[in-house]
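A.B. asks: To start, I am sharing the structure in question, which I have written as structure tokens.
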Amino acid sequence: MRIQLPIVGVDGAAHHGGRAALTCRFRCGDACFHEVPNTSANPYVGDVVAGALSRRTVMRAAAVVTAAAAVGASATVAAPEASAVGGHRGGRGARGLRFAPVAPNTADTVTIPDGYAQNVVIRWGEPILRGAPAFDPDRQTAEAQAGQFGYNNDFLALLPLHGEPHRQILVANHEYTDEVLMFRGYDPENPTRQQVEVAWAAHGLSAVVVEEDRRSGKLTPVPRHPLNRRVTATTEFRVTGPAAGSELLKTSADPTGRKVLGTLNNCSGGVTPWGTTLHGEENFNQYFAHATRATDKRYGLGSGATERKWERFDRRFDVAQEPNEPHRFGWVVELDPYDPTAAPRKRTALGRFKHEGATVRLTGDGRPVVYSGDDERFDYFYKFVGSKRMRKGAGRAVREHNLSLLDEGTLYVARLTGDSPAIEIDGTGKLPADGEFDGSGEWIPLATATAHGAVSHVEGMSAEEVFVFTRLAGDKVGATKMDRPEDIEPNPHTGKVYVALTNNSNRGVGSNPKPDEANPRVANKHGQILELTEHRGRADSERFAWSLFLVAGDPDDPATYFAGFPKDQVSPISCPDNVAFDPHGNLWISTDGNALGHHDGLFGVATRGDRRGELKQFLTMPKGAETCGPLVQDRRVLVSVQHPGEIDGATAEKPLSAWPDGPGRINRPAVVAVWRADGRDIGI
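For what it's worth, my numbering labels the leading residue of the sequence shown as 17, then goes sequentially.
Here you go:
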């Protein structure tokens, strides 16, 4: 049976949409408290449906047949009667999900299922480069931090390390810094240069070789390994693709428009089939001060000083002095973890927006397709279809070819159409008469990049403008306004694509867009998961079918939906964020900003078979922490414990969480590994 929710608040803190105000300040610059950047009048799903009603009598039957054929195996399977054994059908759960679900809680620890064990793999500040000192929060310097594991790890990847048995390369994003929790005596109005430079060094990426214990799932860092690397806010990057060298990217420090210092606010990411990692630059807007242009406003840049005051120490963060510097952020970054000397690359063909991440699959003929969400209320999700085929092999020429794959191809944005009358979408989350929130969609081309130049498909915008101001291009072509599209992941078993839509407290409020079939709730505080089926299963198709796989929240709430699975047998979930797949094709979901009164967690859910929609909580976070970067292998689950102790009123002198090092110690974001104590596979 589903465990009842505890009737508690989250540490007594004031929250907005389930998230502490301290997190809002430092992670996204209080984005939810600002005016919605998307003020375009382009149609949203409700309008499209309403416009279609006049022709529905002649087209409805054909549309339903077409959508059903495209959805195929994704259609909801009628649930048989539940077994009395253990409260789950069959008594055990889907393969890969056979564990006792963790109860929702507010414990100050990483809570895991019975029969499982865990270890902290690596913490903020642990030295990974040769010569880096041991972590000392009272004597931290930028030089030390540049050789140590960064702050607020998010996305995680593990890549094989050939020739070194039982070792892998762990790659992590470091999304943002919370200076109030990092520095004792921190004055938000007057940060010191040293504090600012430490923060620059704590952003970015880390690559560190880890060694596994052959008897368990425990991982241990290998410091000073030659492949270990730190990438920071001052590392030099190459700009590649159609916007490289554009007048829109040139600055006084870089008149070529082809070199950028640093990467900021890297959230989620992906691993490419050719062995590199992708990293999405998300809430970059918060680092830039004194912006006044309409294009800046569309990206959420403010007209005043920033929270961290970096503009006092480097003119590039002052838009009044360097108007093009913000254009050099908001890209997908590609890193080659096997070459610590290679400059990371910013891939402009994938468009500029608040990338939650970037995940890759190949077309039938070997071309890359990259999916990415723009994490903003009422913004869009996108895909890029490459025009060059991946080559197999390990030679230098093959490697260089594959490192050019994301520079040529077509960038698309999604437009969704519901198949139910608009009157049936009443904002409560009640299912329409056909029993599903579903419909069809199209990928609208924005621009195509080739080796000889780029072509815009958006009237009134040049190709350079499309790639640099991608949000405006989406506005112009009438893309569908979504409830914060975040991580997007194709299922490697079925090819279906899953889109995490975290929440949108402004949906249907005031003059904001009303609910529609893809975003069916007013003031949506819990979010949903969308399942997308490309036409004929082709990743490069320009058409798709879609349905809502999960509508999150308390299962006792009639507005929730779990792919038709009995709601008294699932765990409550709120604010889906990052998603991943296990080897069995189950979807794993991490949450951010749980609005149900308990801590964020990691959940597994079956996507097919008679247990489709059976959602089970695998772990929960400590106080103030968010679940990030889930990675699920046969014998191990990895998560990032991001911003532990980030609770309103907390400081470095007065931590409000004891995780991970005990009471009175400074809170340190970290990577945690979880495995079965008996050494067997996860969930079997």
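Cβ atoms here follow ideal geometry from the backbone N, Cα and C, with glycine treated the same way. Being a predicted model, the structure only gives us computed values, none of them experimental.
List the endpoints of the continuous alpha helix (DSSP H) containing Phe560.
C.D. replies: Per DSSP, Phe560 belongs to no alpha helix (DSSP H); it is in the beta strand (DSSP E), 559-567.
A.B. asks: For Lys399, is the classification buried or exposed, using 16 other Cβ atoms within 10 angstroms of its Cβ as the cut-off for buried?
C.D. replies: Classification for Lys399: buried.
A.B. asks: Report the residue from Gly261, Ile698, Lys313 whose alpha carbon sits nearest the alpha carbon of Val648.
C.D. replies: The shortest C-alpha separation from Val648 is found at Ile698.
A.B. asks: Any chance the region 383-397 sits against the region 495-507, with 3 or more Cβ pairs inside 8 Å?
C.D. replies: Contact holds: three or more Cβ-Cβ distances are below 8 Å.
A.B. asks: With Val633 and Cys644 assumed to form a contact (beta carbons below 8 Å), what rounded beta-carbon distance in angstroms separates them?
C.D. replies: Just to set this straight, residue 633 is Gln in the shown sequence, not Val. About 16 Å separates the two Cβ atoms, so there is no contact after all.
A.B. asks: Which residue's Cα is closest to the Cα of Val247: Leu612, Lys266, Val224?
C.D. replies: The shortest C-alpha separation from Val247 is found at Val224.
A.B. asks: Opposite Ser456 in the DSSP bridges: which residues?
C.D. replies: Partner(s): Thr433, Ala561.
A.B. asks: How is Arg341 classed by DSSP in three states: helix, strand or coil?
C.D. replies: Arg is not the amino acid found at residue 341; the sequence shown has Glu there. Helix, per DSSP.
A.B. asks: Counting along the chain, where does the beta strand (DSSP E) carrying Phe597 start and finish?
C.D. replies: Per DSSP, Phe597 belongs to the beta strand (DSSP E) from 592-597.
A.B. asks: Which residue comes first and which comes last in the alpha helix (DSSP H) that contains Asp312?
C.D. replies: 310-314 is the span of the alpha helix (DSSP H), which, as asked, contains Asp312.
A.B. asks: Quick check: Asn602 and Val586, are their CB atoms within less than 8 Å of each other?
C.D. replies: Contact: no.
A.B. asks: With distances taken from CA atoms, which of Ala133, Arg324, Glu263, Leu235 is nearest Val214?
C.D. replies: Looking at the Cα atoms, Arg324 is the closest of the given residues.
A.B. asks: Could you have a look at Asn135 and say whether DSSP puts it in helix, strand or coil?
C.D. replies: Residue state, collapsed to three classes: strand.
A.B. asks: Given a cut-off of 8 Å on the beta-carbon distance, is the pair Ala534 and Leu546 in contact?
C.D. replies: Contact flag set, yes.
A.B. asks: Pairing CB atoms from the region 218-234 with CB atoms from the region 349-362, are three or more of them under 8 Å?
C.D. replies: With a cut-off of 8 Å, the region 349-362 and the region 218-234 count as touching, because enough Cβ pairs lie within range.
A.B. asks: Since Glu642 sits in a beta bridge, which residues does DSSP pair it with?
C.D. replies: DSSP lists Gln658 as partners of Glu642.
A.B. asks: Three or more C-beta pairs under 8 Å: does that hold for the region 369-381 against the region 294-302?
C.D. replies: With a cut-off of 8 Å, the region 294-302 and the region 369-381 count as touching, because enough Cβ pairs lie within range.
A.B. asks: Do you know how far the Cα of Ala465 is from the Cα of Val414?
C.D. replies: Looking at the two C-alpha atoms, the distance is approximately 21 Å.
A.B. asks: Can you tell me which residues form a DSSP beta bridge with Arg361?
C.D. replies: Note: Arg361 sits in a beta bridge opposite Arg254, Glu350.
A.B. asks: Find the nearest neighbour of Glu327 within the set Arg146, Pro342, Ser56, judged by alpha-carbon distance.
C.D. replies: When each option's Cα is compared against that of Glu327, the closest is Pro342.
A.B. asks: Would Gly640 be called buried (16 or more neighbouring beta carbons within 10 Å of its own) or exposed?
C.D. replies: With 16 or more Cβ atoms within 10 Å of its Cβ, Gly640 is classed as buried.
A.B. asks: Strictly by DSSP, which residues pair up with Tyr387?
C.D. replies: According to DSSP, which records beta bridges pairwise, Tyr387 is partnered with Thr375, Lys399.
A.B. asks: Contact check, Val196 vs Thr510 under 8 Å by CB: the rounded distance?
C.D. replies: Contact flag wrong, Cβ pair sits at about 44 Å.
A.B. asks: In whole angstroms, give me the CA-to-CA distance for Leu15 and Val690.
C.D. replies: Here the chain covers residues 17 to 700 and nothing more, so residue 15 does not appear.
A.B. asks: Helix, strand or coil for Arg708, going by three-state DSSP, please let me know.
C.D. replies: Any question about residue 708 goes unanswered here, given that the chain covers just 17 to 700.
A.B. asks: Shorter than 8 Å from the beta carbon of Asp423 to some beta carbon of chain B?
C.D. replies: Protein chains in the displayed structure number just one, and chain B is not present.
A.B. asks: In the DSSP output, what is Ser222 paired with across the bridge?
C.D. replies: Partner(s): Ala188, Arg246.
A.B. asks: Span of the alpha helix (DSSP H) holding Gln722?
C.D. replies: One cannot answer for residue 722 here, as it falls past the ends of the chain, which runs 17 to 700.
A.B. asks: Which of helix, strand or coil does DSSP assign to Lys497?
C.D. replies: The answer is coil: DSSP assigns Lys497 none of H, G, I, E or B.
A.B. asks: Sort Leu462, Leu280, Ser403, His600 by Cα distance to Arg624 and report the nearest one.
C.D. replies: Here the closest residue by C-alpha is His600.
A.B. asks: Using the rule of at least 16 other Cβ atoms within 10 Å of the residue's Cβ for burial, across every protein chain shown, is Ala269 buried or exposed?
C.D. replies: With fewer than 16 other Cβ atoms within 10 Å, it is exposed.
A.B. asks: If you draw a straight line from the alpha carbon of Asn683 to that of Pro660, how long is it in whole angstroms?
C.D. replies: Approximately 6 Å between the Cα atoms of the pair.
A.B. asks: Pro592: beta carbon under 7 Å from a heavy atom of the ligand ATP?
C.D. replies: Among the components modelled here there is no ligand, and therefore nothing to report on the ligand ATP.
A.B. asks: Could you pull out every unbroken beta strand (DSSP E) segment of at least 3 residues lying fully inside the region 469-517, listed in chain order?
C.D. replies: With a minimum length of 3 residues, the continuous beta strand (DSSP E) runs that stay inside the region 469-517 are 469-472, 501-506, 513-517.
A.B. asks: Taking Pro646 and Leu618 to be in contact with their CB atoms under 8 Å, please state how far apart those CB atoms are, rounded to whole angstroms.
C.D. replies: Yes, they are in contact, since the Cβ atoms of Pro646 and Leu618 sit about 6 Å apart, within 8 Å.
A.B. asks: Taking buried to mean at least 16 other C-beta atoms within 10 Å of its own C-beta, is Asn282 buried or exposed?
C.D. replies: Its Cβ being crowded by 16 or more others within 10 Å, Asn282 is buried.
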